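Visitor: Sharing a structure with you now.
Numbering (my numbering), first residue to last: 15 to 857.
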């Protein structure tokens, strides 16, 4: 029996069916080893030697692979056909070598671009050796990411408390978002006017035009800059007599786009389907791994991580056959179209993303897919089909009309599709940074020299607009243009920025959080080279050369580490006060906005001190330089999506008559009922729901929040109250010592007793057994070398170090918690415990 290794159990099951009983197919469940998050995992002083650690969840699987391998004659590594797939195969092979089970075994590597019976069988007939160049490219990237993350993150923790780690590619993507925000803030709108006019032909047809000539000069965008100039242009049109001066009509063509690459699929799915990059790749992974059709799991699309735009010859032939059958010979070009891969990264230039069979039309298989899978499959099918269809043919017509002196002129433009070609099936979506969409309208028949009757003239005022914030589609496109990162990494890069609260999404647009701007400014000030676009792109180019065998990966690491390590060491020696002074200088216009009411740096409380950026254990904030005499503080800057001062009175509570305030505290906006009493009793307060903008807060909604907790009713079994409330981690139910999360904020105010009892019971049934167990070993604490582990406790997962237990927030996946994140949670828990002890002594 031969042993075959793939990544996922779904693939293993499908491929085992294809290969039969002579093979045993096992899954590695992705990567099996990684660099432990501790000093020395990559050692620059020892030729960048790397220490690999088997991940806790992988130990049992590797033992199973070793046991089967002992009984097998051949080990076939059939992981994905890209760099990460090659790396997984290499890791498995290395572990098997360490276990001593490779003696006398034949080792082969096979790759297939689609999980179909034919593709798998063909791959098995053409095995190769492990590609050492791709493995070296993986080692270089992993080492670089480790060296940046593990050396730069501690600098951030110490110099900018509250800031989380910085990644090599994530930091550059964050810089793009922050720079765009700065462009928007600095943007000064500019006024301009346009003038349009409607004429009537002798046949009574309407001819819409726009002003293009005035006083014998060409009308540009900013020719008319105010209302007076626009009105003068209007008068010139109204007092003139116009005729058709010239008609130009010429044919044109529109070409279809190439089949999807990873990047273009993510962009188009965002524009047309509203999927973010992560969601797109998750669905594509399922379509690639296989869906059960007619009793057999079949891969529906080819491999979804690729820079290639070409498709296999047999797929081209099948596509052309389907086009001819569905649309007729007129829609089929004489020759098959060929597309060239534009990306420089040749190692990822596999076949484009396409259906494994074009005869598997979307409507035929829609019933076997869920809604999102069906949408993405249809998008891929149509794009592939359109890429081999005939061009669209158009007729572009321009009609110029002038007055008798030819000093004033207007133009009418129209484009008519004379043959739809590929447009009959598919048209690429447009993002808001494109303005080249043709105006498709039919113009009336006119003859040169005929007079025209003026119907109306319309002057229109416009203002220039700032560049739009990045959507996922436009950010991915920009990163690809700059050569930053690679298609397979885009989804994870954008997810990390959100997960670390460096950015937030509003109307599907990236907005930088204040901590994101702070980190970007810090990196630009002290590590500028490493967030420069050209430097990052050049480094990606070097890594591609490693993939191609043109560079030694250790030479790339040496070149990078020499300068980077110096920057890290020199920055650590800079005093924090100097760093804050630099941040005050760089971020001053953002932190201290000039409102025209005096010096924005003067403390509003004491009128003597100067406001300055400060850092505490919870992050950055603004405080008075006369501290401790003056204890004025405010948030670092306006929070998510807020403009200007958000504090205001919302109205009066009808029951108490007290004023309901919307206030802005150090930890964000909140609602407050009345003011502090004479005995300094704290007024009732409530935080805002996580996704609510302060600008949208109303008195009615504020009163609902202040009414919490809400009594839902009595539990029918225990007789205890069930209450609904809004907590730090969102809406939840409380019943005695039990709590259960609610999905939406509205449920707090609407949920009834029956539903509440069900939610509590479901939470109880999912609770882990009594006692704690280790979920994941993260590594050693840098201060004392003792282990830091993720534990599974009675009340859920938590981080443990020595005698400190720190709860993992409910909105965080325990599997995604890294050592650096665990250290943050432990530090916060230790600080809280210390504060509690101090208070106890005082009392």
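For each residue, glycine too, the CB sits at the ideal point set by N, CA and C. Predicted model, so just to flag it, every value in this text is computed and none were measured.
Cα-Cα, which of 728, 208, 34 and 619 is closest to residue 767?
Guide: 728
Visitor: Give the secondary structure of residue 844 by DSSP, where H, G and I count as helix, E and B as strand, and everything else as coil.
Guide: helix
Visitor: Going by DSSP, what residue range makes up the alpha helix (DSSP H) through residue 686?
Guide: Looking at the DSSP string, residue 686 is not in any alpha helix (DSSP H); the run it does join, the beta strand (DSSP E), is 682-687.
Visitor: Taking the alpha-carbon positions, what's the residue 598 to residue 535 distance?
Guide: If I take the Cα positions, the gap works out to 10 angstroms.
Visitor: Could you compute how far the alpha carbon of residue 303 sits from the alpha carbon of residue 513?
Guide: 27 angstroms
Visitor: Please specify which runs of the alpha helix (DSSP H), each continuous and at least 4 residues long, are wholly inside the segment 332-406, giving them in chain order.
Guide: Runs of the alpha helix (DSSP H) inside the segment 332-406: 376-379 and 385-401.
Visitor: Taking DSSP as the reference, what is the three-state secondary structure of residue 177?
Guide: coil
Visitor: What is the rounded straight-line gap between the Cα of residue 306 and the Cα of residue 144?
Guide: 31 angstroms
Visitor: For residue 842, count neighbouring C-beta atoms within 10 Å of its own C-beta (all shown protein chains included) and say buried if the count is 16 or more, exposed if not.
Guide: exposed
Visitor: If contact is defined by three or more beta carbon pairs under 8 angstroms, each pair taking one atom from either stretch, is the segment 666-680 in contact with the segment 476-485?
Guide: no
Visitor: For the segment 92-111 against the segment 15-28, are there 3 or more C-beta pairs whose distance is under 8 angstroms?
Guide: At 8 angstroms Cβ cutoff, the stretches touch.
Visitor: Going straight from the alpha carbon of residue 399 to that of residue 562, what length do you get?
Guide: 32 angstroms
Visitor: Straight-line CA distance for residue 315 to residue 190?
Guide: 32 angstroms
Visitor: In whole angstroms, what separates the C-alpha of residue 455 from that of residue 229?
Guide: 29 angstroms
Visitor: How do the segment 140-155 and the segment 36-50 stand: do at least 3 beta-carbon pairs fall below 8 angstroms, yes or no?
Guide: They do not touch, by the three-pair rule.
Visitor: Have a look at 236, 80 and 61 and flag the residue whose alpha-carbon is nearest the alpha-carbon of residue 569.
Guide: 61
Visitor: Can you tell me which of 261, 336, 224 and 393 puts its alpha carbon nearest to the alpha carbon of residue 288?
Guide: 393
Visitor: Return the chain-ordered list of same chain residues with a C-beta closer than 6 angstroms to the C-beta of residue 652, the five sequence neighbours on each side being excluded.
Guide: Residue placement at residue 652 is poorly supported in this model, since its pLDDT is 48, which falls under 50; the coordinates are not used for a value here.
Visitor: Is the distance from the Cβ of residue 531 to the Cβ of residue 604 below 8 angstroms?
Guide: yes
Visitor: So residue 457 and residue 428 are in contact, right, with Cβ under 8 angstroms, and what is the actual spacing, rounded?
Guide: 4 angstroms
Visitor: In terms of residues, what are the limits of the alpha helix (DSSP H) holding residue 876?
Guide: Outside the displayed span of the chain (15 to 857) sits residue 876, for which this structure offers no information.
Visitor: Can you tell me whether residue 115 is helix, strand or coil according to DSSP?
Guide: coil
Visitor: DSSP beta-bridge partners for residue 820?
Guide: 813
Visitor: Would you decide whether residue 870 is buried or exposed? Buried here means 16 or more other CB atoms lie within 10 Å of its CB.
Guide: The chain is shown from 15 up to 857; residue 870 falls before or after that span and cannot be answered.
Visitor: Less than 8 angstroms between the C-beta atoms of residue 258 and residue 385, yes or no?
Guide: no
Visitor: Among the candidates 663, 639, 214 and 837, whose CA atom is the shortest distance from the CA of residue 415?
Guide: 214
Visitor: Using only CA atoms, which one of 163, 591 and 119 lies nearest to residue 834?
Guide: Of the candidates 163, 591 and 119, 163 places its Cα closest to the Cα of residue 834.
Visitor: Applying the 10 Å Cβ sphere with the 16-neighbour rule, what's the burial state of residue 90?
Guide: buried
Visitor: Leaving out five residues before and five after residue 615 in sequence, what residues of the same chain have Cβ atoms less than 6 angstroms from its Cβ?
Guide: 606, 624 and 625
Visitor: Could you give the residue range of the beta strand (DSSP E) that holds residue 763?
Guide: According to the DSSP assignment, residue 763 belongs to no beta strand (DSSP E) but to the alpha helix (DSSP H) extending over 760-764.
Visitor: Helix, strand or coil for residue 209? Go by DSSP, reduced to three states.
Guide: strand
Visitor: I need the DSSP call for residue 64, collapsed to helix, strand or coil.
Guide: strand
Visitor: Using a Cβ-Cβ cut-off of 6 angstroms (strictly less than) and excluding sequence neighbours within five positions of residue 63, which residues of its own chain qualify?
Guide: 57
Visitor: Leaving out the 5 sequence neighbours to the left and right, which residues in its chain are closer than 7 angstroms to residue 396 when beta-carbon positions are compared?
Guide: Excluding its 5 nearest sequence neighbours in each direction, residue 396 has C-beta neighbours in its own chain below 7 angstroms: 439 and 440, listed in chain order.
Visitor: Hey, would you say residue 811 sits closer than 8 angstroms to residue 804, going by beta carbons?
Guide: With a cutoff of 8 angstroms on beta-carbon distance, residue 811 and residue 804 are scored as near each other.
Visitor: Smallest Cα separation from residue 838: which of 172, 252, 745 and 733?
Guide: Residue 172 holds the alpha-carbon nearest to the alpha-carbon of residue 838 among 172, 252, 745 and 733.
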